[in-house]
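Using full-length UniProt numbering, the first residue of the sequence shown is number 1, and each one after it goes up by one.
For each residue, glycine too, the CB sits at the ideal point set by N, CA and C.
Here the structure is a predicted model, which means the values were calculated and not measured.
Working notes, beginning with the structure itself.
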Amino acid sequence: MHSKDNRDPTNAFLLFQLLHPEGICSEQREKIEKLEKIIHENESTIAAKDGEIQKLETQKDQHSVGHGKHQGLRKKNEQLDLEVSSLKRELKLYEDLEKKREREAKKVEEERKQLQACRSRTEQLERQVLHLSEPTKGSRAIALRRHRNNRR
Numbered sequence: 001m002h003s004k005d006n007r008d009p010t011n012a013f014l015l016f017q018l019l020h021p022e023g024i025c026s027e028q029r030e031k032i033e034k035l036e037k038i039i040h041e042n043e044s045t046i047a048a049k050d051g052e053i054q055k056l057e058t059q060k061d062q063h064s065v066g067h068g069k070h071q072g073l074r075k076k077n078e079q080l081d082l083e084v085s086s087l088k089r090e091l092k093l094y095e096d097l098e099k100k101r102e103r104e105a106k107k108v109e110e111e112r113k114q115l116q117a118c119r120s121r122t123e124q125l126e127r128q129v130l131h132l133s134e135p136t137k138g139s140r141a142i143a144l145r146r147h148r149n150n151r152r
């Protein structure tokens with residue numbers, strides 16, 4: 001069965017905002033919000049399917065008491081078995097989909113980290129360019145000497 005973990009997407013997003021005050025781009029925000037919505041919907045669907053499976057298994061157990069006595073109950077039991085196995089397959093599909101969404105969320109986070117690293121590197125290079133373009137004391141002295149020598 002599916003066990004619900006304690007992750008709350010809203011709290012995770014607030015924590016993300018606190019840890020990364022520089023923010024994220026709107027495209028990443030949209031991806032994150034879309035993934036959180038899909039995960040929430042999948043969790044709701046999984047919980048509903050779990051409930052259906054438990055209900056059908058309870059019905060199956062109740063009907064299996066008179067299994068040897070009633071042909072109708074035997075057919076009902078077989079039908080319930082088919083429904084249970086069908087719902088279990090469907091539940092597995094939803095769980096797989098949820099895992100896929102979690103992997104996509106990790107990829108988005110990794111892209112955000114790479115983007116931030118690129119921004120930091122760009123800022124660092126811009127500072128270096130500004131520093132290199134500033135005239136130094138030595139270069140000013142050389143230019144002043146050349147100017148004096150050229151006047152003579």
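Nearest to Glu41 by C-alpha distance, out of Ser86, Arg101 and Asp61, is Arg101. Note on geometry: alpha-carbon atoms of Lys107 and Ile32 lie some 10 Å from one another. DSSP, reduced to helix, strand and coil, places Glu43 within a helical segment of the structure shown. For Tyr94, same chain residues with a beta-carbon under 6 Å away, outside a window of 5 residues either side, are Asn42, Thr45 and Ile46 in chain order. Here DSSP, grouped into helix, strand and coil, assigns Glu30 to helix. A Cβ-Cβ distance of about 6 Å is found for the pair Leu80 and Gln59, placing them in contact under the 8 Å criterion. The C-beta distance from Leu56 to Glu83 rounds to 5 Å, short enough to fall under 8 Å. Taking the Cα positions, Gln116 is about 18 Å away from Gln128. Close CB contacts of Leu97 within its chain, under the 7 Å cut and outside five residues either way in sequence, are with Asn42 (chain order).
Taking C-beta atoms under 8 Å as the contact rule, Arg103 and Gln28 fail to qualify, at a distance of about 16 Å. In this structure, Lys49 is the residue among Glu126, Lys49 and Glu78 with its C-alpha nearest to the C-alpha of Lys92.
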